[in-house]
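Q:
In the working numbering, the protein residues as written are 40 to 241.
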């Protein structure tokens with residue numbers, strides 16, 4: 040049975056270019072660069088004593104006015120992103136939580152959130168499943184599986200072993216995969232009798 044713990048839960052959050060915060064930061068940086076470019080053009084033209092209209096039109100009205108449209112719409116997108124980020128903080132960033140382990144059990148995040156209480160957990164494992172990606176290539180993708188059956192009753196296919204999710208950190212662009220040893224340590228902290236294994240390809 041899991042031991043009683045008062046430590047903070049082990050949480051793995053979504054990182055990389057796929058998070059709302061990252062997109063918000065990149066959008067803010069891009070908008071700042073656009074403002075800086077405009078200011079530099081104005082300053083240079085004022086120093087030269089030339090009209091500032093021509094270079095600004097060359098920049099903002101090029102490609103059918105696409106840069107100008109983008110510049111007008113970007114602040115609105117940033118505002119929406121800021122509101123979304125505030126809401127995420129109020130919700131404890133629940134959308135970005137990929138995995139959480141605490142005294143209650145194991146919480147799998149993502150699109151299909153599930154919580155498996157410790158009494159129902161018979162083991163935790165890392166397994167690689169054979170799949171076909173969006174490009175049509177055959178690949179082996181790592182998954183985290185929570186075993187809800189005894190070892191002796193496990194079927195051959197890992198898809199029937201219990202709730203699973205993609206191995207945290209392997210989906211996001213520039214994401215950092217969860218180190219296997221960190222998972223082992225987290226499970227041992229709350230449920231030392233639960234075994235964590237790496238079962239390779241299945």
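The beta-carbon is built from N, C-alpha and C at its ideal position, and this holds for glycine as well.
Keep in mind it's a predicted model, so treat the numbers as computed, not measured.
Just to confirm, are residue 223 and residue 187 a CB contact at a threshold of 8 Å?
A: no
Q: Output the distance between the C-alpha atoms of residue 193 and residue 162, rounded to the nearest integer angstrom.
A: 11 Å
Q: Rounded to a whole number of angstroms, what is the C-alpha to C-alpha distance between residue 113 and residue 74?
A: 12 Å
Q: Is residue 229 near residue 142, with beta carbons less than 8 Å apart?
A: yes
Q: Evaluate residue 89 with the Cβ neighbour count: other Cβ atoms within 10 Å of its Cβ, from every protein chain shown; 16 or more gives buried, anything less gives exposed.
A: Residue environment analysis places residue 89 among the exposed positions, since fewer than 16 neighbouring C-beta atoms fall within 10 angstroms of its C-beta.
Q: Here's the rule: buried if 16 or more other CB atoms are within 10 angstroms of the residue's CB, otherwise exposed. What is residue 97?
A: exposed
Q: Which value, in whole angstroms, describes the spacing of the CA atoms of residue 168 and residue 183?
A: 10 Å
Q: Given a cut-off of 8 Å, decide if residue 116 and residue 202 are closer than it, judged by their beta-carbon atoms.
A: no
Q: Of all the options 175, 171, 215 and 165, which has the alpha carbon lying nearest to the alpha carbon of residue 204?
A: 165
Q: Where residue 197 and residue 151 are concerned, what is the direct C-alpha to C-alpha distance, given to the nearest angstrom?
A: 18 Å
Q: Using only CA atoms, which one of 177, 153, 137 and 171 lies nearest to residue 215?
A: 137
Q: Pull up the CB-CB distance for residue 140 and residue 225, whole angstroms please, since I reckon it's below 8 Å.
A: Correct: roughly 5 Å between the Cβ atoms.
Q: Within a Cβ cutoff of 7 Å, which residues of the same chain sit near residue 156, ignoring the five residues on either side of it in sequence?
A: Within the same chain, residue 156 has close Cβ partners 143 and 144.
Q: Using the rule of at least 16 other Cβ atoms within 10 Å of the residue's Cβ for burial, across every protein chain shown, is residue 208 buried or exposed?
A: buried
Q: Using CA coordinates, which residue listed in 66, 238 and 221 is at the minimum distance from residue 118?
A: 66
Q: Identify the continuous alpha helix (DSSP H) that holds residue 221 and give its terminal residues.
A: In the DSSP annotation of this structure, the continuous segment of the alpha helix (DSSP H) that includes residue 221 starts and ends at 219-229.
Q: Run through the DSSP bridge pairs and tell me what residue 88 is partnered with.
A: Answer is none; residue 88 lacks a bridge partner.
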